[in-house]
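Straight run, no breaks: the sequence shown in our numbering ends on number 1245. For each residue, glycine too, the CB sits at the ideal point set by N, CA and C. Given the structure is predicted, the values throughout are model-derived calculations rather than measurements. First the structure, in the form of structure tokens, and then the observations on it.
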Amino acid sequence: MKHQVLVCDDELAQAQGLAEMLERAIVIQDDERQGKLGFLGYYTSYAATLQAVTDHQVTGGIYFLDIELSPKQYDRTGLDLAEAIKRQDPKAQIIFVTTHDELALMTFHRRIGALDYIIKDSTRSEFQGRITEALALALENIATSHTAQKYTFTYKIGHKIYNENIDDVVCIVTTERPHRLRLYKVDGIAEFNGNLKELVEQSEFLHPISQSCIVNAKNIKSIDLKERKILFVNGEFEYFPRRSLKQVKHLIDELGKIQ
987 MKHQVLVCDD ELAQAQGLAE MLERAIVIQD DERQGKLGFL GYYTSYAATL QAVTDHQVTG
1047 GIYFLDIELS PKQYDRTGLD LAEAIKRQDP KAQIIFVTTH DELALMTFHR RIGALDYIIK
1107 DSTRSEFQGR ITEALALALE NIATSHTAQK YTFTYKIGHK IYNENIDDVV CIVTTERPHR
1167 LRLYKVDGIA EFNGNLKELV EQSEFLHPIS QSCIVNAKNI KSIDLKERKI LFVNGEFEYF
1227 PRRSLKQVKH LIDELGKIQ
């Protein structure tokens, strides 16, 4: 998966200059890091940048944003853009570029969690160096976050994002409503929109036992091959079809939990 790099600065020349430096910074990264980076483009407005994030469904993007973005007092700023990006791309890595380092304090008040602040008035070589360092730091931050996420299941209900420890996830099943899934937890139930196939691809700990159910093997209490029935630690149970016997036997080999 490539992490897309985007630039937003209301001054076209500044945006183009920053884009050139970023493309250079990507090229001089080592081969492993280069393979993880892609340059999506540069933009000169709040709306255009946000539209690009939406159109390309950017996840884990790296954003270099002008913190002011507009000289007009009541126009949206880079801070506003960063907040909007975070809502669409929760894994976003935000780097602000600014001529006023005192504005950096505002990001703390608004809890944006910017990765870095780069001062535009630096010399060209210093500016290039900071950009290159920021890219490397962003990738390290993403990798650290990914490691933590291996132990977390994340889902969204409305505008809220929920994180569950994987040990609390029992199974996820389809419902009568299209694209609506039901999550059974050790201590409760939640429903959210999603796709079982995509969840299996994204989560190492979830295994399909049928077209309508994926399970967390850690929370299987017993497996009855004769009845083709799986009992979970929370008392819930699910049946699986004959064609899924191979996958289920694989779970048995892993767990040694057979009735």
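TODO: For the alpha helix (DSSP H) holding R1073, just list the boundary residues, first then last.
DONE: 1064-1074
Task: Reference Y1049, options K1106, Y1028, I1175, D1016, closest by Cα - done: Y1028
- [ ] Decide if N1298 is buried, meaning its Cβ has at least 16 other Cβ atoms within 10 Å, or exposed.
- [x] Here the chain covers residues 987 to 1245 and nothing more, so residue 1298 does not appear.
Task: Neighbour-count burial assignment, Q1079, 16 or more Cβ in a 10 Å radius - done: buried
Open item on the list: Tell me the DSSP secondary structure of T1160 in three-state form.
Closed with: strand
- [ ] Measure the Cβ-Cβ separation of S1159 and I1200 and say whether it is below 9 Å.
- [x] The question names Ser, but residue 1159 in the sequence shown is Val. In this structure, I1200 lies closer than 9 Å to V1159 by Cβ.
Task: Host alpha helix (DSSP H) of D1017 (start-end) - done: 1017-1020
- [ ] Could you name each continuous beta strand (DSSP E) segment of 3 residues or more that falls completely within the stretch 992-1033, going from the start of the chain to the end?
- [x] 1023-1029
- [ ] Return the chain-ordered list of same chain residues with a C-beta closer than 6 Å to the C-beta of S1196, the five sequence neighbours on each side being excluded.
- [x] F1226, P1227, S1230
Task: 6 Å Cβ shell around S1056 - same chain, five flanking residues per side excluded - done: D996
Task: Whole-angstrom C-beta distance between K1106 and T1085, which should lie under 8 Å - done: 5 Å
Open item on the list: Within a Cβ cutoff of 6 Å, which residues of the same chain sit near R1116, ignoring the five residues on either side of it in sequence?
Closed with: I1104
Task: Unbroken beta strand (DSSP E) run spanning V1083, endpoints - done: 1079-1084
- [ ] Enumerate in chain order the residues of its own chain whose CB-to-CB distance from Q1002 is below 7 Å, with the five nearest sequence positions on each side excluded.
- [x] Y1028
Task: Delimiting residues of the beta strand (DSSP E) encompassing V1201 - done: 1199-1202
Open item on the list: Restricting to Cα atoms, I'd like to know which of R1010, I1014, D1016, L992 is closest to K1064.
Closed with: According to the sequence displayed, residue 1064 carries Gly and not Lys. G1064 has its Cα closest to that of L992, out of R1010, I1014, D1016, L992.
TODO: Could you please give the first and the last residue of the uninterrupted beta strand (DSSP E) stretch that includes L1217?
DONE: 1215-1218
Task: Rounded Cβ spacing between L1182 and L1167 (contact assumed at less than 8 Å) - done: 7 Å
Task: For H989 and Q1043, the rounded distance between their alpha carbons - done: 11 Å
Open item on the list: Within a Cβ cutoff of 6 Å, which residues of the same chain sit near D1102, ignoring the five residues on either side of it in sequence?
Closed with: I1081, A1120
- [ ] Please determine, among G1024, L1004, A999, I1175, the residue with the shortest C-alpha to C-alpha distance to V1083.
- [x] L1004
TODO: Consider the C-beta atom of N1127 and the heavy atoms of the ligand NAD; say whether any pair is separated by less than 8 Å.
DONE: Only the bare structure without any ligand can be found here, which leaves the ligand NAD out of the picture.
TODO: Identify the continuous alpha helix (DSSP H) that holds K1183 and give its terminal residues.
DONE: 1182-1188
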